[in-house]
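This report concerns only the one structure given below.
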Amino acid sequence: MALGGASAATRRCSSTSLGAAYPTRRAAATKRSASAGGFAARAARTMARAAPRGVLAQRLEERRTAPVLEGGRRGDPLVAPVACPFHPDRRMPWSRIAARQQLRRLAWGAAVLAGCASGGGEQARRDPVPVAVAAVVQRDVPVELRAIGTVTPIATVAVKSQVEGQLAEVRFEEGQEVRRDDLLFVIDTPPFEAAVREAEAKLAQDRAEAANAATEAGRFARLISSGIVSPDEYEQVRTKAAALAAAAQADEAGLETAKIQLRYCSIHSPIDGRIGKLLVHRGNVVKARDTTLAVVNQIEPVDVAFTVPQQELTAIRHYLAAGPLPVHATPPGEGARPAQGDLRFVDNAVDQATGTVLLKARFPNQDELLWPGQFVNVTLRLTTEPGALVVPARAIQTGQAGAFVYLVGPDRTVEARAVVTGRDLGEDVTVTSGLAAGDPVVTDGQLRLIPGMTVEPHTEGLAAQHSP
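Have a look at this one:
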């Protein structure tokens, strides 16, 4: 009996015996209970903040009216003490179980929200996405080089005066088209006319003296044969006559120079072209071969100078040996039409500073579409590539693995197809592998696509469908 009583007493759960027998375990359990209770309380406050104001007020009122527990602490409805199922005479807080129940409720709510979100995403994924689609076109593609060129006149003449004097007349309007030998300027002529008259008088004087000396030399030649004059006297007379004759010839040259100077007073256009602005106005004194009066540019025909990378030099020379290469030059601006010419010049050296080679093309320019100094877009056509596959340039996308396009299948689902691009044709680009003629590719709306999505295609017009 005593043993049985002792055993029953040992099995009885009392606060005093448990505290005395297991102080360390009880302290650990109390700490875990308090920790779990605090977590549950924080979870309850979080749910309360998410609840409407009426529910929040009700929860606060329940907490305020909760009974005061042991230790002077008000109970929480979520962590209120309950009876131990194994020891009815002992009451202990099940705060950890309550916290776990609260966590289950939160996890269930999160799962419901995630399921709703997933269901909405699947629904959005099932909805067809409207996109613009164009078909791959197979056609002959020109092999071209593109560059920026500068229009340069074939001839540029800076008009200068060859004599010094005052500018008396200007015989043209600025920007006027002029022809060769058209009178442009007149230098004041009276000083030069006087120089001509002076040269003429000097020439007449020297000619008279030379004629008199020649007559005297002939008379002395007759007298020396009869011994009347000595040979020395005859040589002196003959030398004087020759000197005067030479002076007369010099005067003739001086007269010619004076006449040339007089002709230089009238300045004519040396070439056909268009004259620029007037640089020296009437009344100014100009120096000989120093002052530029105006500039004349020949613009019919005209050249366009441009450079290409040295890597293209071999191909250019290869195709140029077979015949002239066509060149198109398009001025900037909306609706500008290209001018047509051909390649005329390849420089004999590569610029080592830039790694480019200079080329020149000549254009008839009868309509004066190209203007000296103008920048133009130059297209040099080398040859034509037959049967190339062409797609719009905006259909090409770039990913981590390289270029790709979105290909629309028969079931209207899209597929990311890797491609290898070729030559740039402006709005279009050639594709060397990955596609076939007639394949529909997405040209607009790619940002909303992922492989496998269903699309609603809308066909658009293609620049690639038209021959150049």
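Counting in this note's numbering, the sequence shown runs without a single skipped number right up to 649 at its last residue. All residues carry an ideal CB built from backbone N, CA and C; glycine is no exception.
When beta bridges are read from the DSSP output, Y587 appears opposite A597. Counting C-beta atoms within 10 angstroms of its own C-beta, E325 has 16 or more neighbours from the protein chains shown and is therefore classed as buried.
Contact check between the stretch 558-567 and the stretch 587-601: fewer than three CB pairs, one atom from each, fall below 8 Å, which does not count as touching. About 4 Å separates the beta carbon of F487 from that of A328, a gap short enough to meet the 8 Å contact definition.
Here G522 is buried. Its C-beta has 16 or more other C-beta atoms within 10 Å. As the crow flies, the alpha-carbon of A576 is around 14 Å from that of R629.
Assignment of E397 by DSSP, reduced to helix, strand and coil, places it in the helix class. Check the Cα spacing between P567 and each of T473, V314 and P323: the tightest is with P323. Three or more Cβ pairs drawn from the stretch 433-447 and the stretch 362-374 lie within less than 8 Å of each other, which places the two stretches in contact. Assignment of beta strand (DSSP E) within the stretch 373-443, counting only whole runs of 3 or more residues, yields no such run. A contact between stretches requires three or more CB pairs, one per stretch, nearer than 8 Å, and the stretch 466-476 meets this requirement with the stretch 334-341. About 5 Å separates the Cβ atoms of L550 and A520, confirming a contact at the 8 Å cut-off.
When the alpha-carbon of Y587 is set against those of V636, L436, P372 and V483, the nearest one is in V636. Excluding residues up to 5 positions away in sequence, S342, Q343, V344 and E345 lie with their Cβ nearer than 7 Å to the Cβ of A469 in the same chain. With at least 16 other beta carbons inside 10 angstroms of its own, L348 counts as buried. I441 sits exposed, since fewer than 16 C-beta atoms from the chains shown fall within 10 Å of its C-beta.
Residues of the same chain with a CB within less than 8 Å of the CB of D321, apart from the 5 flanking positions on each side, are T565, E566, P567, G568, A569 and S648 in chain order. Under the DSSP assignment, L494 falls in the alpha helix (DSSP H) whose first and last residues are L494 to A503. Boundaries of the beta strand (DSSP E) around I335: V318 to K341.
Listed as beta-bridge partners of H462 by DSSP are no residues whatsoever.
Taking A391 as reference, the option from I368, D620, L425 and L404 with the minimal CA-CA separation is L425. Per DSSP, L630 has no beta bridge partner at all. Each of A427, P334, P638 and V314 was checked against the Cα of V485, and the nearest Cα belongs to P334.
In this structure V589 touches P621 by the C-beta definition: roughly 4 Å separates them, less than 8 Å.
When C-beta atoms of the stretch 425-437 are compared with those of the stretch 376-394, three or more pairs fall below 8 Å, so the two segments count as touching.
E566: member of the beta strand (DSSP E) spanning F556 to P573, first to last residue. Non-local C-beta neighbours of R593 in its own chain, meaning closer than 8 Å and more than five positions away in sequence, comprise P309, T635, V636, E637 and P638, ordered along the chain.
Here the alpha carbon of H462 sits roughly 49 Å from the alpha carbon of I497.
Cβ-Cβ separation between T624 and P591: approximately 19 Å, too far for a contact (criterion under 8 Å).
The residue from G536, F585 and G356 with its alpha-carbon nearest to that of K458 is G356. Pairing D387 with A427, the inter-Cα distance amounts to about 9 Å.
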